[in-house]
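Q: Protein chains in written order, with the UniProt record's numbering: chain A, 1 to 134; chain B, 1 to 134.
For each residue, glycine too, the CB sits at the ideal point set by N, CA and C.
There are 2 protein chains.
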Amino acid sequence: MSNQELVVLGRNDETDACCPGLLTAPLDEDQAVELAKVFKALGDPVRLRLLSMIASRAGGEVCVCDLTPAFDLSQPTISHHLKLLRQAGLIDCERRGTWVYYWLLPEMTDRLASILTRPAAEPLPDRAATATAS
Amino acid sequence: MSNQELVVLGRNDETDACCPGLLTAPLDEDQAVELAKVFKALGDPVRLRLLSMIASRAGGEVCVCDLTPAFDLSQPTISHHLKLLRQAGLIDCERRGTWVYYWLLPEMTDRLASILTRPAAEPLPDRAATATAS
Chain A
1 MSNQELVVLG RNDETDACCP GLLTAPLDED QAVELAKVFK ALGDPVRLRL LSMIASRAGG
61 EVCVCDLTPA FDLSQPTISH HLKLLRQAGL IDCERRGTWV YYWLLPEMTD RLASILTRPA
121 AEPLPDRAAT ATAS
Chain B
1 MSNQELVVLG RNDETDACCP GLLTAPLDED QAVELAKVFK ALGDPVRLRL LSMIASRAGG
61 EVCVCDLTPA FDLSQPTISH HLKLLRQAGL IDCERRGTWV YYWLLPEMTD RLASILTRPA
121 AEPLPDRAAT ATAS
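1. If you check the beta carbons only, do leucine 105 (chain B) and isoleucine 115 (chain B) fall under 8 Å apart?
2. For aspartate 66 (chain B), does the three-state DSSP call read helix, strand or coil?
3. Can you list, in chain order, the residues of its chain with a C-beta nearer than 7 Å to that of cysteine 65 (chain B)? Leave out the 5 residues immediately preceding and following it.
4. Name the one or two DSSP bridge partners that isoleucine 91 (chain A) has.
5. Within 8 Å, do at least three Cβ pairs link the segment 30-37 of chain B to the segment 45-56 of chain A?
6. Could you tell me the alpha carbon to alpha carbon distance between glycine 59 (chain A) and lysine 40 (chain B), rounded to whole angstroms?
7. Within 10 angstroms of its Cβ, does histidine 81 (chain B) collect 16 or more other Cβ (buried), or is it exposed?
8. Using a Cβ cut-off of 7 Å, pull out every chain B residue sitting near glutamate 94 (chain A), in sequence order please.
9. Just reading off the alpha helix (DSSP H) that arginine 47 (chain B) is part of, what are its end residues?
10. Given leucine 6 (chain A), which residues of its chain have a CB within under 6 Å of its CB, disregarding the five upstream and five downstream residues?
11. Closer than 6 Å by C-beta to valine 38 (chain A): which residues in its own chain qualify, once you throw out the five before and the five after it? Chain order, please.
12. Classify alanine 120 (chain B) as buried or exposed, calling it buried when 16 or more other Cβ atoms lie within 10 Å of its own Cβ.
13. Going along the chain, which residues of its own chain have a beta-carbon closer than 6 Å to the beta-carbon of valine 62 (chain B), five neighbours each way excluded?
14. Taking Cβ positions only, does alanine 120 (chain B) come closer than 8 Å to chain A?
15. Using the C-alpha atoms, what's the distance from isoleucine 78 (chain B) back to aspartate 72 (chain B)?
16. Does aspartate 66 (chain B) come within less than 8 Å of chain A when only Cβ atoms are used?
Below you can see the structure in the form of structure tokens.
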């Protein structure tokens with residue numbers, strides 16, 4: 001517990017690149033603004049499906065021409081959703097001839113997984129104390 | 001790779017409760033709608049800060065009276081954000097006398113961390129093949 005109390009509010013330059021620590025210390029405003037953009041990009045069913053289609057593709061990348069048929073949406077709408085995922089740093093793309101190819105940027109999903117992972121499980125101090133006392 | 005291709009699109013009843021697998025198989029529409037609600041709740045800087053304040057509290061719960069002063073927002077606005085986090089299954093609360101106390105529901109953040117975690121690292125098959133061939 002004392003370690004937790006030693007965590008300084010605000011930026012932690014050593015770990016900032018990887019994980020501001022959503023569950024271990026209060027986020028500062030800048031961190032929250034930055035992180036909220038990524039979660040907002042994930043906060044839409046079409047974008048989640050697009051991301052899962054891209055991320056789970058065995059070859060590692062997907063032609064936009066293979067994504068569009070899965071949705072009852074226009075190509076420009078799909079492209080708009082893909083743009084938001086790209087702006088959030090979740091995917092990247094490259095145009096080759098007629099088509100654009102998309103792939104996952106796993107650093108971002110790794111980062112999100114990391115900040116959502118609890119530190120090593122701690123027993124609840126109060127209950128542990130009660131259990132010992134009884 | 002063959003294992004990946006065997007993954008059936010749509011619901012996987014065995015793992016559905018825990019992790020629809022954002023990165024391992026395309027989400028079906030229902031899973032995406034459900035999951036998008038949670039990410040949408042996280043897609044706001046004030047809610048992220050509230051969640052991190054609640055999750056990182058050593059005692060495990062926080063009085064709303066300790067949350068409000070950190071923000072330049074009215075009590076009803078803070079309560080609205082807390083309600084959205086609660087509806088997303090990220091926190092729960094209890095009224096005791098004048099104040100409402102909030103705590104993290106770690107099952108949901110665990111679930112998000114799990115679906116954002118890549119399966120055991122696989123070398124990129126094409127590059128590995130190239131490296132072996134050269």
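A: Per the coordinate set shown:
1. No, they are not a contact pair.
2. In this structure, DSSP gives aspartate 66 (chain B) a helical state, which the three-state scheme calls helix.
3. Trp99, listed in sequence order.
4. BP columns for isoleucine 91 (chain A) point to A:Leu104.
5. Touching, yes.
6. Looking at the two C-alpha atoms, the distance is approximately 30 Å.
7. Per the 10 Å Cβ criterion, buried.
8. Result: empty, since nearest Cβ-Cβ is about 15 Å, beyond 7 Å.
9. Annotation: the continuous alpha helix (DSSP H) that includes arginine 47 (chain B) extends over 45-55.
10. The pLDDT assigned to leucine 6 (chain A) is 34, lower than 50, so where the model puts this residue is not dependable, and the model offers no usable value.
11. So the qualifying residues of the chain are Ala88.
12. So alanine 120 (chain B) ends up on the exposed side.
13. Scanning its chain for C-beta atoms nearer than 6 Å, with the 5 sequence neighbours on each side dropped, one finds around valine 62 (chain B) the residues Ile54 and Tyr102, in chain order.
14. With 8 Å as the cut-off, alanine 120 (chain B) does not count as an interface residue toward chain A.
15. Rounded to the nearest angstrom, the two C-alpha atoms are 10 Å apart.
16. No, its Cβ sits nowhere closer than 8 Å to a Cβ of chain A.
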